[in-house]
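Working notes for the structure below.
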Amino acid sequence: MNKQLIQASTAAALAILCTYSTVDRHQATAAETQELEIKFSAAVGEKPFNCGESYSNLGTPAATVTPTDFRFYISDVALIDNSGKAVPLTLKQDGKWQHQNIALLDFENKSGACANGTVEIRDRVLGTIPKGSYKGLQFTLGLPFNLNHGDASLAPSPLNLTSLWWNWRGGYKFVRIDLKNQMASRMPAGKSGRQSSQIAHTEGSHGGVQGFVIHLGSTGCKAEGNTLKPSSCANPNTAKIVFSNFDPAKNTVVADIKSLVSQTNLEVNQANTPPGCMSEQNDSDCAGIMTNLGLPFGGKPPAEQSFFKVK
Numbered sequence: 020m021n022k023q024l025i026q027a028s029t030a031a032a033l034a035i036l037c038t039y040s041t042v043d044r045h046q047a048t049a050a051e052t053q054e055l056e057i058k059f060s061a062a063v064g065e066k067p068f069n070c071g072e073s074y075s076n077l078g079t080p081a082a083t084v085t086p087t088d089f090r091f092y093i094s095d096v097a098l099i100d101n102s103g104k105a106v107p108l109t110l111k112q113d114g115k116w117q118h119q120n121i122a123l124l125d126f127e128n129k130s131g132a133c134a135n136g137t138v139e140i141r142d143r144v145l146g147t148i149p150k151g152s153y154k155g156l157q158f159t160l161g162l163p164f165n166l167n168h169g170d171a172s173l174a175p176s177p178l179n180l181t182s183l184w185w186n187w188r189g190g191y192k193f194v195r196i197d198l199k200n201q202m203a204s205r206m207p208a209g210k211s212g213r214q215s216s217q218i219a220h221t222e223g224s225h226g227g228v229q230g231f232v233i234h235l236g237s238t239g240c241k242a243e244g245n246t247l248k249p250s251s252c253a254n255p256n257t258a259k260i261v262f263s264n265f266d267p268a269k270n271t272v273v274a275d276i277k278s279l280v281s282q283t284n285l286e287v288n289q290a291n292t293p294p295g296c297m298s299e300q301n302d303s304d305c306a307g308i309m310t311n312l313g314l315p316f317g318g319k320p321p322a323e324q325s326f327f328k329v330k
């Protein structure tokens, strides 16, 4: 056998071994991980959330409202193992609902009163995790700082929704819940104005919604201008949610609007502030909402959140 033939045979053998090695590694990786989905649902008390449906007995005192939007971002999803360690879920990069370590949950379907939204809904987070025994779930309501400040018109999905974005300095609306009621007709002129000294959330940034809106996002973000990224935010307003007992095969995370607004008067608005709560520390309309999100507010430490529950 000549030298060239020997060299060719050796190269072919090595190529085959490399192919088998790659296949073996992929199979081993697949065997060591498992696909997982974390299911979410939206509710208003004991009733499921539906666009355009009116719900009574919300807030204090009781009010009747019609939700027109319900979306929120979460990040850093992890399961908690039996030793109490949080094991990150590697999110499926689907190019639409999930990007890096963040996911969008969307419960409006652009029908009825939800004209500002999108047709498709999203009620789960998909990913992989090392095989093992897990007993709990944790995630962050909101976006990490490195993904929160940029141009939504240039960002990848699901960060490209300008209806969930304020500006470079303020960043994204981690939660957008819009509630339509009769408050606007009783609100004295000027009460729906903007706060010039804060993030400068414009009238267009909340779609001209008439009623009580809940837009959670970072505040106190300092930058040279609205088109420059800040270096920090005084109030990140990201909430860590932890459930010590959660089985992805059996349980669902429920986001409940009624629980969120249980301590809020939905029919009044603090003078010289935007309608509802836009996360500003000087807006008393945010006090009960921030408390129920498990966030510090008005110099008070965070309390236990009540917006999310396990079903």
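Going by the numbering used here, the first residue of the sequence shown is number 20, and it counts up by one from there.
Even for Gly, the Cβ is constructed at its ideal location relative to N, Cα and C.
For Ser-130, same chain residues with a beta-carbon under 6 Å away, outside a window of 5 residues either side, are Cys-70 in chain order. For Asn-135, the closest alpha carbon among the candidates Leu-180, Pro-107, Ile-148 and Gly-114 is that of Leu-180. Between Phe-193 and Gly-239, the CB-CB gap reaches or exceeds 7 Å. Between the C-alpha atoms of Gly-318 and Lys-150 there is a straight-line separation of about 42 Å. Beta-carbon to beta-carbon, Glu-127 and Phe-89 are separated by about 5 Å, close enough to satisfy the 8 Å threshold. Taking one beta carbon from each stretch, the segment 143-162 and the segment 61-80 have fewer than 3 pairs nearer than 8 Å; the two do not touch.
By the beta-carbon neighbour count (other beta carbons within 10 angstroms, threshold 16), Thr-246 is exposed. When the five nearest sequence neighbours on each side are left out, the beta carbons in the same chain lying within less than 7 Å of the beta carbon of Asp-302 are those of Gln-289, Thr-292 and Cys-296, in order along the chain. Trp-187 and Ala-258 have their C-alpha atoms roughly 21 Å apart. A direct Cα-Cα distance of roughly 38 Å separates Val-272 from Gly-244. Glu-56 is bridged by DSSP to Leu-145. Runs of the beta strand (DSSP E) lying entirely within the segment 251-317 and spanning at least 3 residues, in chain order: 252-254, 258-262 and 271-275.
Counting along the chain, the unbroken beta strand (DSSP E) around Asn-76 starts and ends at 74-77.
When DSSP states are grouped into helix, strand and coil, Thr-137 belongs to the coil group. For Pro-175, the CB contacts under 7 Å within the same chain, skipping 5 residues up- and downstream, are His-118 in chain order.
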